[in-house]
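Chemist:
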């Protein structure tokens, strides 16, 4: 049965509101008293609940991206929107108030927060059978969803592990980049890669982990190349690192999708491959290590 779920009508607020003038019955213009419309930033600090209401269409648009890719049913989409709203109200809005520095549009910053919340919720729900079914539908669309889903996902992780092990001499470096670029803790693995680091380099890694939601990819690559140049005694540009990572990911996607078994053809893209990498990292490291690297996970 189709849901009648609807979101509040989107209201765009800007720092400079348009003052609308009205006209009297005889055509004489009557000027309304200018009323200051609060900007998004004003609402963030003074009325965050209203800001969240105003941003509902933005939240909906981001969540629907995951639904349209097959990760969510309509009912789960509604639940996810509600869950994100609750977390924004309870905790995330305080984080935004503290970390937002005005260097980007608030809507852009807010979108990144919501997108990351969606990914985190999907990773959590993926441990449940119903979400594994949905993920399976995206990753292996030609296979019927049945009781073998867990085994299929495990097989996909094994394939990814073999590809990483056989094709990439700088596997650990690539893993560090993937962890950092997707908001996963990576400091412990970085220390394994570098051996040891002076305190200021450790603090730079901790900054990426702590301020991930306020950083764009360019910022993260700049910090990563700062770390790698020290470890490798090189002087490489951040853009060169970005191109290297992009090339490796494209190779991995091509290899993962190049399966000759017509009954089990994978169709990965840059979003679904990162979901598989999340599972890969959990499988790769021992549970004791995972408690250090992913302290907030079960």
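In the working numbering, the protein residues as written are 12 to 309.
We put the CB at the ideal spot given by N, CA and C, even for glycine.
Computed from a predicted model, the values in this text were never measured in an experiment.
1) Would you kindly work out how many angstroms separate the C-alpha atoms of residue 98 and residue 118, rounded to a whole number?
2) Return the residue from the list 232, 207, 89, 294 that minimises the CA-CA distance to residue 218.
3) Where does residue 195 fall in DSSP's three states?
4) Can you check which of these residues, 224, 197, 185, is closest to residue 213 by C-alpha distance?
5) Can you tell me whether residue 251 is buried or exposed, with buried defined as 16 or more other CB within 10 angstroms of its CB?
6) Assign residue 248 to one of three DSSP states: helix, strand, or coil.
7) Express the C-alpha separation of residue 74 and residue 93 in angstroms, rounding to a whole number.
8) Cα separation between residue 52 and residue 59?
9) On the three-state DSSP scale, how would you describe residue 283?
10) Do three or more CB pairs link the stretch 107-115 to the stretch 164-173 at distances below 8 Å?
11) How many Å lie between residue 189 and residue 133 at the Cα?
12) Would you mind sorting residue 191 into buried or exposed? The rule is 16 or more other CB atoms within 10 Å of its CB.
13) Express the C-alpha separation of residue 64 and residue 123 in angstroms, rounding to a whole number.
14) What did DSSP end up calling residue 108 once you bin it into helix, strand or coil?
15) Given that a residue counts as buried once 16 or more other Cβ atoms are within 10 Å of its Cβ, and exposed if not, what is residue 234?
16) Can you find the residues in the same chain that come closer than 8 Å, C-beta to C-beta, to residue 171, ignoring five residues on each side of it along the sequence?
17) How many angstroms separate the CA atom of residue 215 from the CA atom of residue 239?
18) Apart from the five residues just before and just after residue 247, which ones in its own chain have a Cβ nearer than 8 Å to its Cβ?
19) Can you name, in chain order, every residue of its own chain whose Cβ lies under 6 Å from the Cβ of residue 293, other than the five neighbours on each side?
20) In three-state DSSP terms, what is residue 201?
21) How is residue 83 classed by DSSP in three states: helix, strand or coil?
Modeler: This is what the structure holds:
1) 17 Å
2) 232
3) coil
4) 197
5) exposed
6) coil
7) 11 Å
8) 9 Å
9) helix
10) no
11) 18 Å
12) buried
13) 17 Å
14) helix
15) buried
16) 263, 267, 287, 288, 291
17) 12 Å
18) 236, 239, 240
19) none
20) helix
21) coil
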